[in-house]
Structure formats: C-alpha cells, structure tokens
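*Asks:* Here the sequence shown stands for residues -16 to -1, 1 to 721, where the numbers follow mature numbering (1 follows the signal peptide of the UniProt record, and there is no 0).
Sharing a structure, written as structure tokens. Questions coming.
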Amino acid sequence: MPRLRILAIATSIALAACSQSPNTAGNSAPASAGSAPAKASTTATAEAPASNPFFTASTLPYQAPPFDKIKDGDYEPAIEEGMKQQLAEVDKIANNPDAPTFENTYVALEKTGLLLNRVMAVFNGVTAANTDDALQKVQEDEAPKLAAHADAIHLNDKLFQRIQTVYDQRDSLKLDPESQRLVEVVYRQFVMAGAKLSDADKSKLKDYNKEEAGLEAQFNNKLLAAAKNGALVVDDKSKLAGLSDEDIAAAAQAAKDRHLDGKWVLTLQNTTQQPLLQDLTDRATRQALFEASWTRAEKGDANDTRDIIERLAQLRAQEAKLLGFPNYAAWTLEDQMAENPDTVMSFMGKLAPAAVARAKVEAADIQKQIDKDQAALHQPTFKLEPWDWEHYAEEVRKAKYDLDDSQIKPYFELNNVLQNGVFYAANQLYGLTFKERKDIPVYNPDVRVFEVFDKDGKSLALFYFDYFKRDNKNGGAWMDNFVGQSKLLGTKPVIYNVANFTKPADGQPALLSMDDVVTMFHEFGHGLHGLFSDVEYPTLSGTSTARDFVEFPSQFNEHWATDPKVFANYAKNYKDGKPMPQELVDKLKKAGMFNKGYDMTELVAAAMLDMNWHMLSADQPKQDADTFEAAALKKDGVDLSYVPPRYRSSYFLHIWSNGYSAGYYAYLWTQMLADDAFEGFKQHGGLTRENGDRFRSMILSRGNTVELSKLYKDWRGQDPSIEPMLIDRGLKQGGTK
C-alpha cells in the first residue's frame, strides 16, 4: 500500500530495486564481516533518550548519521518513540479546532515524524547493506507496527476530512504550483491507501497491511540467508579452470571469511545468471553454479520463500478488491505514468517478440560454437542450456569481435572509473566537484564519503559509496538518502550508492566489467536526481516520483559511460596509466549490440512475470509458484529454455519486498525515456554544460512537483518515442549506440 514520506517508510531505489539497472550485473538491498556494531538489547527501554543518538538531530555536517555512536540497540526504541511522537503530532492536526487550511493541514503534516524519518532512513540503509541477526529481528518485529502506524494516519477520518476540505478548495486558494501539486499528491495517496473506506473495510485493510508488511520482512531476510547459504563451495581448484587469478583469490578469500580454509566459495548475486559463468570452462561447475542460483530459495528448507510469495500475491489481490480495483496492478498503476495494466502489457508486447526473435538467432550462433568446440575435442555435442549461454556467448563475441573480457578489465579500475569517469561526466555536464571526507563516520570500513560542491563552489551534498559484496548485504545495486532535501525543513541531501562488486584480495586492484561500470553510472544518476533536488516539501523531493519515472535519470546517466570524451578520460590501464588502445575501443563499440536479444528477453520475461502475479484477482485461488511461473512465461511467449527470466519468482526481491510490485516494467518504460532523452542531447551537442544545466533545472531538480508526463514533454519538446530505444537496445536496425 502507498506510504507517504511522512510515514518514514523509505524506499531504496534499485533497492536491490534498483534501483540498479536491470541490464547491469547486480541489481535491486546487513553488520559487516568483522565489523558488526556492538550488540545491545533491542527492547524499547534499552536506551534512554539522552544516550540514543537518534533522539536529536545529528551535529555532523549535513546532519549525517553518527555511525560511530549508533548501536543495534538504538534503533527499536527510536522507531517506537518516533511513531509515538508522529501520532501525537498527527492527532493535533486532526483535532485542530481551526478551519482546515493548506498551512495547518498539509504543511503541518509535512513537518511531522522527524524522529521517525531520521531513524528509518538509517535503519533501512543499514539493514539493506550491513545487517546482522539483531537488526533482522528488529526489522521483522517492527514491520507490522510500521504498517499499522501508516494506517493509523492514512485511515484517520478526522485528518482525512481536513485533507479533503483543502483539496476541494484548492483551485480557489491561490496556491503556488508546487503547493497545488502537494495537495493533489497527498490527497491521492490517502485515497489510494483507503481513506474513503467504511470503518469495517478499514479494519480489514489494516489487517491485510499488517500481514503484508510482516511477510515482506520475512521474505527479505529469508532471501538474504538463502543467497548466503546457496553459494557454491568448491573443494577442487581444477574445477575453477577459466577464472582469472583475481577471481580465484576472491573465491579463496570468501571461503576463508566463512572459515572454509582450503576451499573456494562462489557467492551469488541476486540475478539468475552469475558473472563467473562466463569464464568457467568446466561445464559441471557451471551447471552447479547456475542451479545454486536458480534454486536458492526453493530448497524446501527454512529459507524457502514460495509459501510467502504465494500468500503475498493472494493478499495483494484481496487488498486491491477492497479498494475497488480489479487487481493489484490496476491499483498500483493508478498514479504511474503508464496508468493501467493494459498500457503496460501493450508496451511490453511491442518488445517481447523482437527480443525473443533476436535471442533465438543468438542461440543458433551459440549452438554452432558449441558444436564446433565439441568437434574439435572429438566429443559429442550437447544442447545449449542456460548455464552455457554466458560462456559460449563470450566465445562467439571473441570470434566475431576478437574481444575478450580479460582484455577490458585492466582499463576499468574502480577508483579510476569513479573519479575520472563518473565524477568527470558530472563535472562536464553540471560543474560538480568532489572532495573525499575521511572524518565522516561510516557503517562499514568499505564505505567512502565525498562532499559534493556545486558549480559556484558552494557545498551541495554528501555522497556515500559502498561498492563491495558482503554476505550481510542484499544483492544488487541501489541508491537512497540518509537525509532528504527540503527547503521547508532546511535539509540538504545525504545520499548513498550501494553495489555488489567483487572485493579484490588484499593488495589487488578492483577491476570491473563493462556492466559494472554502467552500474556505477546508473546508480550515480539516481544520486544526481536526489542531490540536485530543489524542492520545498519533503513528499515531493528528489526521487519521490512514480516508479516508471524514477529510473529515467539513472538509465539516462548510463549513456555517459560510453561517451567518447568521458570514456577516454577513465578507460586507462591501472598498471601504466595508458589509455585503452583505439583498436580495443573500436572492438568494444562494435560489440555493443552483442547479446542484446538475451538481455532484453530476460528483462521482459521478469517484467511480464511481475505483472502476471499482480494481475491476479481476489476470486482466483492461491497459486503454486512454480506452476504459475511456468504458465505465465509460456502464455507471454517468453519461455525460452536457455533464457531464464532475470529473476525467478522465489527470489524476485524487487516485487516482493522492495516496492516494485507491478512496477518492474518501469525499467523498460524508463529505458524508452532515457534513450529518447539521450537522442535529444545528441541533437543539441551532447556532453555540454548548457545541456546539463537545462536538464538539471527542468528535470533533476524538480522531484515530483509537476505531473511527470508534462515535466518530460516540457523539457524534451515532444512526447517520448520508442524508436531510439528499439535501435539502442538492438531490436531494430538503425545504427549503434
């Protein structure tokens, strides 16, 4: 159910929803190994307010979280007290004897919940990236209470009557455009949350929401454990043939961290396919790694998630019916750019056939490569399976383009990509500069903090980067805020990016794939959306937009990873600093369209699977997850045996826990926006300050202050076209990126 910012239910953008790009490795969000915060009781009386760092605003720059003072035991009492304080503040608004006005109702509501927002912003960040057993228990205990808290506000009849009164008068109040937008957005959120229901139906909805919140928290924690326990343990180094020395060292280190000395551990990322499948030459190891990923949450053990998702789908359908919608997808899309499920399925229906057709052509090429290799070995051939695709696709790529991933990685050292790629592009477009701050406390030693300065030299934001995979971190990559921007509250952004890149062994460089590089640009694009926010009201600030708009700035920012000027500035060999040879650059560019059929098919399959789960009606019986998934993929024509969906239902974190339910299509929708937008940039000179400043002022700084279709059209001068997307994603002839 929708929850206002004032209710402090923070949403991580590519939360492991990513908010990561689904076309990059590691999308969609626990104490770090060896650095867990000190344990403390998590009861509500564990810490007195005077010793709890959340009870007062941080005195650090930008009100950054004082991680050096925060203990596990601080969260629950602060959450409990935060809810108590906000309910008192809301009751005061609801029972105000004065006639409802914009100031004493809407603005007053924006100012509530400061303590709850403060603690939840940090709690959500840490439980996604640096959790432990104590925090997971708090998460499961508090999730139903937070859902009930949200309902206590959204379903407060006295409060809603005041909101309704101001809403009905809005056209005569002479409000400025942003205030008018706030009235419309908040009113709609309350209505969608059930404010107009009867008392009996409100009671039902509260029960549904409480159960849903508890199930989502359980799913999140079960999946984290399933991914950790599902890692492939290898006890024979020869089974790792094909991996680089760096990958083998990282696998040995991962085993050592688990006290499995003498073994190697291949950890799982959140997507179905795993990066190491590309290099592993032992087919049995590839199959074992793929199946470890595919079955991670379907082992019939304590971490099996299928019962949870089956009930969640049923529960959401019941909620939607109660609220007057035919299904959960219809309810979710009510306030999105796409507006309804028919539009979404029609949009994806234009992509699926072309993607599948291209994937089949790619599969034929891969099968020929398998046949050729097996013949050379005087061995019988075999049928292409999903665990073979990445490995033999890489062989095809090498044959077609003479390009090997191992040739590329030395030019993509993480810090160099960050400083001379991501930061450089932001400087060229927007005039930003960055200074590392080692005096700001962090929640894990891997985290780095930078202060961001605007084009005039004024301080703008703090930006945290947490790039390396840990067992206590959700899979994927995402962005969120520790502190959101608001002129009303006088706060500047404190933003973080999280990813799951392989941490190198001690003394080794962190070398990235091209997909990893794109992920960095993607998540930083979300960060730009947050740090450029120039909005009065917290509810409308930064990335608080519709799901099928919020991925637009991030996917747009991906384009700068391959811009010739930006690329030349960061693609340099970490050993000698020499730029990537032009011959290799040309090969990389020519290979840019390679495997696009596979990439798009696995993404479309996942998006359609999400929609099918959430188009179930309340009258349909509880589904069997495996049977339902297979039938849905077949119905939509995306059931290719060798192209599994990017996420299987049982580990589809985005849709069951991270707020992308009936919204995963947003990655595709915003690809359309991003590719059309980049076409507009190219038409006006590309990487220029003029283009950047205009994009900042008309898109990135506006948050949700303008109806989003209008916001885009005002900037672009036209409605978005799907043509650049079809060309850029390799689904139509017309050029290359």
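Cβ coordinates follow ideal geometry from the N, Cα and C atoms, glycine included.
#1: Buried or exposed: where does residue 800 fall if 16 or more other Cβ atoms within 10 Å of its Cβ makes it buried?
#2: Measuring alpha carbon to alpha carbon, tell me which residue in A112, A658, Y631, E507 is nearest W278.
#3: Given a cut-off of 8 Å, decide if A530 and Q320 are closer than it, judged by their beta-carbon atoms.
#4: Can you tell me which of N456, A236, N642, Q655 puts its alpha carbon nearest to the alpha carbon of E542?
#5: Taking the beta strand (DSSP E) that T417 belongs to, which residues open and close that run?
#6: For K76, is the classification buried or exposed, using 16 other Cβ atoms within 10 angstroms of its Cβ as the cut-off for buried?
#7: Among residues of its own chain, excluding the 5 on either side of N553, which ones have a beta-carbon nearer than 7 Å to its beta-carbon?
#8: DSSP state of F465, grouped into three classes?
#9: What is the DSSP secondary structure of P563, reduced to helix, strand or coil?
#10: Count Cβ pairs between the region 423 to 437 and the region 447 to 454 that sit closer than 8 Å; are there 3 or more?
#11: Measure from the alpha carbon of P629 to the alpha carbon of each residue in H668, E613, Y644, K619, then state which is nearest.
#12: If we count the other Cβ atoms within 10 Å of its Cβ and call it buried at 16 or more, is A13 buried or exposed?
#13: For S645, which residues does DSSP report across the bridge?
#14: So, is V401 buried or exposed, given that buried needs 16 or more other C-beta atoms within 10 angstroms?
#15: Around the Cβ of H510, are there at least 16 other Cβ atoms within 10 angstroms (buried) or fewer (exposed)?
#16: Residues bridged to V436 by DSSP?
#17: Going by beta-carbon coordinates alone, are E346 and G581 separated by less than 8 Å?
#18: For S16, which residues in the same chain have their Cβ closer than 6 Å to its Cβ, ignoring the five residues on either side in sequence?
#19: In angstroms with no decimal places, state the Cα-to-Cα distance between D152 and V167.
#20: Taking M332 and M592 to be in contact with their CB atoms under 8 Å, please state how far apart those CB atoms are, rounded to whole angstroms.
#21: E397 bridges to which residues according to DSSP?
#22: Alpha carbons only, please: which of I63, L617, K556 is nearest the one belonging to Y395?
#23: In chain order, which alpha helix (DSSP H) runs of at least 4 residues are fully inside the region 237 to 301?
#24: Which residue comes first and which comes last in the alpha helix (DSSP H) that contains I711?
#25: Quick check: the Cα distance between K573 and M564, rounded to an integer number of angstroms?
#26: To which residues of the same chain is A609 closer than 7 Å at the C-beta, ignoring the five residues directly before and after it?
#27: Where does L208 land, buried or exposed, given buried means 16+ other C-beta within 10 angstroms?
#28: Would you identify the three-state DSSP class for D703, choosing helix, strand or coil?
#29: Could you give the residue range of the beta strand (DSSP E) that holds A483?
#30: What's the C-alpha gap between I479 and V467?
*Replies:* Concretely, from the data shown:
#1: No answer is possible for residue 800: the residues shown for the chain start at -16 and end at 721.
#2: Mapped onto the sequence shown, residue 278 falls at position 294. It is Y631.
#3: Residue 320 sits at position 336 when you count from the first residue of the sequence shown. Residue 530 sits at position 546 when you count from the first residue of the sequence shown. A contact, by the Cβ cut-off of 8 Å.
#4: As a working note, residue 542 is residue 558 in the sequence shown. Closest option to E542, Cα to Cα, is Q655.
#5: Here residue 417 is taken as the residue at index 433 of the sequence shown, counted from 1. From DSSP, the beta strand (DSSP E) with T417 extends over 417 to 420.
#6: Position 92 of the sequence shown, counted from the first residue, corresponds to residue 76. The residue is exposed, with fewer than 16 neighbouring Cβ atoms inside 10 Å.
#7: Counted from its first residue, the sequence shown places residue 553 at position 569. N404, G405, Y408.
#8: Position 481 of the sequence shown holds residue 465. Note on identity: in this sequence residue 465 is Asn, with Phe being the wrong assignment. Shown here, N465 sits in a strand according to DSSP, grouped into three states.
#9: Residue mapping note: residue 563 aligns to position 579 of the sequence shown, counting from 1. Here P563 sits in strand by DSSP.
#10: These segments touch.
#11: Here residue 629 is taken as the residue at index 645 of the sequence shown, counted from 1. Residue E613 is the option with its Cα nearest to P629.
#12: Sequence index remark: in the sequence shown, residue 13 carries index 29 (1-based). Caution applies to A13, whose pLDDT of 29 falls short of 50 and renders its modelled position unreliable; the model cannot decide the point.
#13: Counting from 1 along the sequence shown, the entry for residue 645 is found at position 661. According to DSSP, S645 bridges with nothing at all.
#14: Here residue 401 corresponds to residue number 417 of the sequence shown, with the count starting at 1. Per the 10 Å Cβ criterion, buried.
#15: Locating residue 510 in the sequence shown gives position 526, where the first residue counts as 1. It is buried - the Cβ of H510 has at least 16 other Cβ atoms within 10 Å.
#16: By one-based count along the sequence shown, residue 436 stands at place 452. Beta-bridge pairing links V436 to F418, A445.
#17: Position 362 of the sequence shown, counted from the start, is the residue given in the question as residue 346. Position 597 of the sequence shown, counted from the start, is the residue given in the question as residue 581. Cβ atoms of E346 and G581: closer than 8 Å.
#18: Position 32 of the sequence shown holds residue 16. Low per-residue confidence applies at S16: pLDDT is 28, beneath 50, and the placement is therefore not dependable, though the value from the model is reported in the following sentence. Answer for S16: N114, N428, R454, listed in chain order.
#19: Mapped onto the sequence shown, residue 152 falls at position 168. Mapped onto the sequence shown, residue 167 falls at position 183. Spanning the two alpha carbons is a distance of roughly 10 Å.
#20: By 1-based counting over the sequence shown, the position of residue 332 is 348. By 1-based counting over the sequence shown, the position of residue 592 is 608. Between M592 and M332 the Cβ distance is about 6 Å, and since that is below 8 Å, they are a contact.
#21: Counting from one through the sequence shown, the residue named residue 397 turns up at place 413. Answer by DSSP bridge pairing, in chain order: L495.
#22: What you label residue 395 is simply residue 411 of the sequence shown in a count that begins at 1. Selected option, being the one with the closest Cα: K556.
#23: Fully enclosed alpha helix (DSSP H) runs of 4 or longer: 267 to 278.
#24: By 1-based counting over the sequence shown, the position of residue 711 is 727. Its alpha helix (DSSP H) spans residues 707 to 712.
#25: The residue labelled residue 573 in the question sits at position 589 within the sequence shown. The residue labelled residue 564 in the question sits at position 580 within the sequence shown. Take the alpha-carbon of K573 and the one of M564: they are about 12 Å apart.
#26: As a first step, residue 609 must be located in the sequence shown, where it is residue number 625. Answer for A609: R290, I293, E294, S633, S634, listed in chain order.
#27: Sequence index remark: in the sequence shown, residue 208 carries index 224 (1-based). L208 comes out buried.
#28: Here residue 703 is taken as the residue at index 719 of the sequence shown, counted from 1. DSSP places D703 in coil when its eight states are reduced to three.
#29: On the sequence shown, residue 483 is found 499 positions in, with the first residue counted as 1. Its beta strand (DSSP E) spans residues 478 to 485.
#30: Reading the sequence shown from its first residue, position 495 is the one you call residue 479. Reading the sequence shown from its first residue, position 483 is the one you call residue 467. About 7 Å.
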